[in-house]
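Protein chains in written order, with my numbering: chain A, 1 to 166; chain B, 1001 to 1625; chain C, 2001 to 2491; chain D, 3001 to 3100. Ideal placement from N, C-alpha and C gives every residue a C-beta, glycine not left out. Below is one structure; the comments refer to it alone.
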Amino acid sequence: MQNEIIFAILALLTIVSSIVMISAHRPIDSALAFIVALICIAALFGLVNATFMFVVQIIIYAGAILSLILFIIMFLNIKDENLPDEKNKNWWLLGTSFIVAPFGLILIDLIIRSDITINRVPAEGFGNIKDVGLTLFSKWVLPFELVSILLLVALVGAVTLAKRES
Amino acid sequence: MSDSLILNILLLSPLLSATLIFLLNISISGVKQYIYTSLALAGSGISALLALYLSYFSYFENQVFTSHLFTWLSIEDFIVEVALKADALSSFMILFIAPVSFLIHVYASGYMNKDKSYGRFFAYFNLFIFFMFLLVLADNPIIMFIGWEGVGLTSYALIGFYFEDIKNTYAGNKAFIANRVGDFGFLSALMLLFLEIGSGGMSFDAILSNIGQIEAPMLSLIAFLLFVGAMGKSAQIPLFVWLPDAMAGPTPVSALIHAATMVTAGVYMVARFAPLYNLTFDVSLFIAYIGAFSALFAAIVATRQFDIKKILAYSTMSQLGFMFMALGVGAYSTALFHMFTHAFFKALLFMGAGAIIVAFHHKQDIRELRGIKESMPALFVMILIATLTISAIPPLSAFFSKDAIMSALYASGHAPLFLMAFTASLLTVFYMFRLVFVVFYSNTKQVGEANSKSMLYPMTVLTIFSIFAGLLNMPEIFGGNLNMSNWLDIADKKFIVTHFDELMLMSINTLAIIGVIFYTYKRYAYTNTIDKESEHTLVANKFYIDEIYSAVVVKPLYALSILFDKHISNNLIDNTIHNLALYYEKLGLLFSGFENGNVRNYALYMLVGAVSGFIYLYVLLRAAL
Amino acid sequence: MSTLSILIFLPIIAAIFLFFVRINIQIVKVIYMLVTSIILYVSLKLYVDFDPNAPMQFVEYKVWIYEYGINYFVGVDGVSLGIVMMNAILMPLVAVALYKQRDKHGYWIHLLFVQGGIMGAVLSLDLMLFYLFWEVMLLPIFFMIGLFGFGRKNFVTMKFNMYTILGSLMMLISILYIAVQYKEQFGVYSFSLYDLKNITLSSTQSILVFSGFMLAFAIKIPIFPFHTWLSETYRSAPTGAVIVMSALMAKLGTYAIWRFLFTLFNETSHAVAPYFIGLGLFGLIFFGISAMNQTHLKKMFALSSASHLSLIVVGFFIYDVYGLVGSSYLMVAHAISSAALFLMVGMLFERTKTHYIASLGGIAKVAPRFALFFAFFALSIVGVPLTAGFVAEVLIILGAFNYNIYIGFITATTILIAMLFMFKMISKVLFGEPNEVTKNFQDLRLHELFALVPLALLVLAMGIFPNYFIKNIEPTAQFYILEKEVPKNDK
Amino acid sequence: MLQEYMILSIILFCIGVVGLISRRNIIVIYMSIELLLNAVNLSLVAISADMADASAQVMSIIIIAIAASEAALFMSLFVVLFKKKSSLDANIFDMLGSKR
């Protein structure tokens, strides 16, 4: 019961902060709202015993990526006149919501109607570093290596992109 | 020599000489003139000799020469042999065509002397003779049609011979187009003829013996269409317009093609189909009336012409009208007889005119050619004899032939025809003597260059022919026995005229003619009447027939052409197509607005698509859930 | 490799080879001459070995795409022989006449390519193969106009191509449709002409499929309302392309009517014949009269060609032996004459740099040989006796009179129609006094004579001894007539 | 618990899509993309917990890694684009479209 209440609060917080994020005019507001959302999601991870994911989410997303975004926003010194002139922003949001709504509603409908839960009882230490690490380096070693290459490529790409113009 | 070989040589020697001259002319420049002359004269001379030989055997021994060259076409029943056949009629035709051609060749070698296109002229000339022989000797109408078109083609080339003046070539175009309108009729008739009775063979004998199988209306149609061909070639109303303009060609051309030979092809063709016309009285009568109108019309127009060659051209048309009158009432051999005499005296007249024209440096207006009697007495005598002949003064040849036509018309019982013919023949006398008196009997005097002998000798020969050619078909009344009619053995209608009537007719006719000569003498000899005649009257302008044709036929055709090309093709059809393409392009622009480069818009389209697909699937699968 | 395959693939292979090997233009011309001469030799041998009385000869059959019944299936009979010979004769002569003018590799490569394409389209008896070659021969023309043409060449070539491809696509749909029908009725796919003619279609289906084919052919020929691409295209196209289009490709349209429509849909063809005769006769007169007012030589000849092609269509659709033989004969006769005329117009343009009738004149005085040949070929278009056109026109007129007397009279106007414009054109171009443009007109050179003399002799020979040529066509026509009369009697 | 997680994931995903499409600010667009990834991660982790299998968590780790590399590229892109046009408007960068 306790879990359900925590979940409800966190979910509400996530949804509200996400909505704030997509509708805020200034990017800095969005980014701050997004941090809230990300931390809430990390908390939701923790709620289902995914401790390692909880840590990763906090460190990488809320820590690394979001700080990078904030750094960039400040670095670029974005002023109001640099922001796009979004007069019809709210209409767009509303319209797109109406388009997306059926999609979401249908999916929710399907989820509610179907019985997808298995409720297997987790073993001891599920979701901690050891468990995830073992799975990662035994079953998923090839994708892991590929991702490392991807990261390398992204690194090189980012450097060249940023360097060429300067 | 075998029969067929003679025919083949007769036909092909002009072609051969034409080809040789042509190749020489086109490949080597500066060939000596005498080479052309000898080639040309050899070509026409050989065929003239052979023609005489042929006619001799045909006349005295009733021999029929045939020759089969090769099969032209053979598709199912449509079998056309290139076969030659010289029966009595064909022999008769070549009897005057070949010698007259030869004489005019000789004449032309003088007339065209020093002309820069000497070789080309004789190439065309010999080619013409070839086609004319083909026309006359062909054993079936399809080959005859080839000859028929061929003479038209060479005539086109010769009328426009001096092509530096584009007007001459327009005259040639006019001639060919008018002829082709006639050929349209001729060809249609041949096709119908074949479809009706062609399976029995396409030779003249086969056709004429099967002709009874055709039903009456179709037969009349065929007869009429054949005559349309004759109208074109023989310059009858309404297809005569080309003949006066055809005088643009060199004078030997006018003498040979537009007086003696080609224009008479229509007469020959109708005579050839005599059994057909004997079955179709209505068409025959139509022919007779067309002939009568043409004769009268041409005679009237000729009385107010000033160009010496135009006068002769209208005279030719008028005389052809006489022949068609005779054909129309069924007196075929009479018509042919007139054609025979006409060939000589009309050729002579043209050659005389040509001699005058050469002597006076291409002056053709009779008002400028006055008083030339003293300077060229021989020419004067010959032209006078020819004029007397055409006026049908006894005992010159045309007297017999024209009188035979008159009595046939009289006996046929068609009074209007007879009256028109009578008027036309008196008008003939009038305009011919007008020409003679104006040119030769004048107070002023002119001296021209002397004519070459090669021009005068052929004329002398023709003068003799003009005088004596009548002997060939002397009527009974003068102790003759109609040799020619018996020889030709055409299905003539027999007209019974009493000797008294015939004598009366002749004497009235002759008296009237002499009266007209005197009137003309009074009016034109040593006077200035001719200068007072206006060039702007209705008659002098040929009743504005050319202008009417232009307004009724030519201009509407060009208007139609503009309508078709500019309005229908371009504006209607092509613009519709272009507009279709344009609207298509507009539609494309409409859609290209969606592709604006904003990736988030693309995402929106994707989303819309995905969502609608999703909804569709959901609705579809709802039942299963 | 057998005869027909050599005819089809030798030029194409040579063209592809030349395309990839960039060598001196002189060598390209030599190779062009060599290849076309070999083709000419092979074709002549084909003509000699041809047996008039056998239906389909030199047949070659190789499986290509087995599952869908698409095969390499070629053969020659009396009708296709004419076009094959024309293709073989004209191509080397074009080169002989033009070799000094064109110094572009592409020109000759495209010509070789189009020769192979036309051979393929004429000889193929498999519908898919036919469609393939039908499109293949279009492409070189597209490029030739676009690269070497005059005036608004890009627009014109696009218009021409889109127009033609529209028709071709309709034909493709029709081909696929009847192939599917065949599969439904007989259980296997086949695109062979002789298999497909056994299918039974309802009259509606038949008419729809017929129209699909007919649209392609009507645009190519062109028949009356589809003619608007014609005069602009001919005007813009370079000499080689015009000759190919007027002498060969347009004839292919009429040829295909006989080969495919009469074989596949004989009853439908019969049923719609009156409409096409009407359309053809209208076109005959319409194009002839339209040509009267043209000021541009090539446009005038384009319309003249269209007029004659309408006559050919009439000859086919009247559908008796005279009409069929006459039309096939006219196809060949007109191919020679129009090719020669367009060739001479090309020479005229090379010398005077103008195509306009009004600015020419007096050529006969300065260049008698040119004038002689020009007038000769123009007159052979008009159809004067002793030329091939005359024979053909007589036969078509005979067939038309056999069909119906009124149709006969209208068809007979063909002997008047061509004159209306041709004689005035001859007068204006050749006669009169030479003007500034034409006074230095050079007479025919030796190599040009080499190209024109054989054509002139051929026209004469075909006009004087037609039986020698027609005996190769006639049995084929008879064969078709007999085949047609069987279903007629069943009714 | 799984159903609720899934529903939340769907809602977040929808919000991400809405943001992605309707905003013109490229930074917000970027964050919307991140939100999409997070929504997916959420559902993956929930499934992983439900099935008691760590594989799904590994997948989300990989997704996070991809998101990180994406972030690197995006950041450099922001810098480049902003330097070029000094604007964050996505509508300016439409060179792919058929301009008239």
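Item: Whether F1176(B) touches Q1236(B) by CB criterion (8 Å); Value: no
Item: Straight-line gap, I2417(C) to P2385(C) (C-alpha atoms, nearest Å); Value: 16 Å
Item: Chain-ordered chain B contacts of L3020(D) [CB-CB under 8 Å]; Value: R1600, A1603
Item: The stretch 2220-2236 of chain C in contact with the stretch 2297-2307 of chain C per 3-pair CB rule at 8 Å; Value: yes
Item: Minimum length 4: unbroken alpha helix (DSSP H) runs contained in the stretch 1339-1399 of chain B; Value: 1377-1390
Item: Reference R1272(B), options A1223(B), F1500(B), L1538(B), I1545(B), closest by Cα; Value: A1223(B)
Item: Contacting residues, own chain, Cβ-Cβ under 7 Å from Q1364(B) (five flanking each side not counted); Value: D1307, I1308, K1309, I1357
Item: Given F1400(B) as reference, the closest of S1507(B), L1349(B), F1350(B), G1448(B) once Cα atoms are compared; Value: S1507(B)
Item: Alpha carbon of I2363(C) to alpha carbon of E2436(C), nearest angstrom; Value: 11 Å
Item: Whole-angstrom C-beta distance between D131(A) and A3052(D), which should lie under 8 Å; Value: In fact, because the Cβ distance is near 10 Å, the residues do not count as touching under 8 Å.
Item: D2126(C), DSSP secondary structure in three states; Value: strand
Item: Backbone CA spacing between V1553(B) and Q1319(B) [nearest angstrom]; Value: 27 Å
Item: Length of the line joining the Cα atoms of I3062(D) and G127(A); Value: 15 Å
Item: 9 Å Cβ cut-off: residues of chain B touching G2315(C); Value: The premise fails here: G2315(C) is roughly 13 Å from chain B at the closest Cβ pair, so nothing lies under 9 Å.
Item: Proximity test, Cβ basis, 8 Å: D3094(D) and chain A; Value: no
Item: Three-way DSSP call (helix, strand, coil) for G46(A) in this model; Value: helix
Item: Spatial neighbours of V2156(C) in its chain, beta-carbon cut-off 6 Å, leaving aside the 5 residues before and after; Value: E2232, T2233, S2236
Item: Chain B residues whose Cβ lies nearer than 8 Å to that of I3029(D); Value: R1600
Item: For A1353(B) and R1116(B), the rounded distance between their alpha carbons; Value: Checking the sequence, you will find Lys at residue 1116(B) rather than Arg. If you take the alpha carbons of K1116(B) and A1353(B), they lie about 22 Å apart.
Item: Within 8 Å, strictly: CB atoms of G2075(C) and L2123(C); Value: yes
Item: Rounded C-alpha distance that separates F2142(C) from F2160(C); Value: 8 Å
Item: Same chain only: Cβ atoms within 7 Å of I2243(C), ignoring 5 sequence neighbours per side; Value: L2090, V2094, A2339, F2342, L2343
Item: Rounded C-alpha distance that separates S18(A) from L76(A); Value: 24 Å
Item: The beta strand (DSSP E) enclosing Y1524(B), as first and last residue numbers; Value: Counting along the chain, Y1524(B) falls outside any beta strand (DSSP E), though it belongs to the alpha helix (DSSP H) covering 1499-1524.
Item: I19(A) CB to nearest heavy atom of the ligand GDP below 7 Å; Value: Of ligands this structure carries none, so the ligand GDP is not represented either.
Item: Contact set between the stretch 1162-1195 of chain B and chain C, restricted to residues whose Cβ is under 7 Å from the partner; Value: F1163, E1164, I1166, T1169, Y1170, N1173, F1176, I1177, R1180, V1181, D1183, F1184, L1187, S1188, M1191, L1192, F1194, L1195
Item: Alpha carbon of N1636(B) to alpha carbon of I3021(D), nearest angstrom; Value: Nothing can be reported for residue 1636(B), as the shown portion of chain B is limited to 1001 through 1625.
Item: Short CB-CB distance (under 8 Å) between F1324(B) and chain C; Value: no
Item: Short Cβ contact (8 Å threshold) for L68(A) with A3071(D); Value: yes
Item: Beta carbon proximity, Y1558(B) to chain C, threshold 8 Å; Value: yes
Item: Cut-off 8 Å between Cβ atoms - residues of its own chain near K2488(C), not counting five sequence neighbours on either side; Value: At K2488(C) the pLDDT is 42, less than 50, meaning the model places this residue with poor confidence; the figure from the coordinates comes in the next sentence. Counting only Cβ-Cβ distances below 8 Å, and skipping sequence neighbours, we find H2270.
Item: Boundaries of the beta strand (DSSP E) in which Y2255(C) is found, first to last residue; Value: Unbroken run through Y2255(C) is the alpha helix (DSSP H), 2250-2256; no beta strand (DSSP E).
Item: Under 9 Å by beta carbon: chain C residues contacting H1019(B); Value: Reading off the sequence shown, one finds Thr at residue 1019(B), where the question assumed His. What T1019(B) touches in chain C: nothing, since even the nearest Cβ is about 11 Å away.
Item: Residues sharing a beta bridge with D3089(D), DSSP; Value: N3025(D)
Item: Coarse secondary structure for Y1616(B), derived from DSSP in three states; Value: helix
Item: Euclidean distance between Cα positions of P2092(C) and S1055(B); Value: 52 Å
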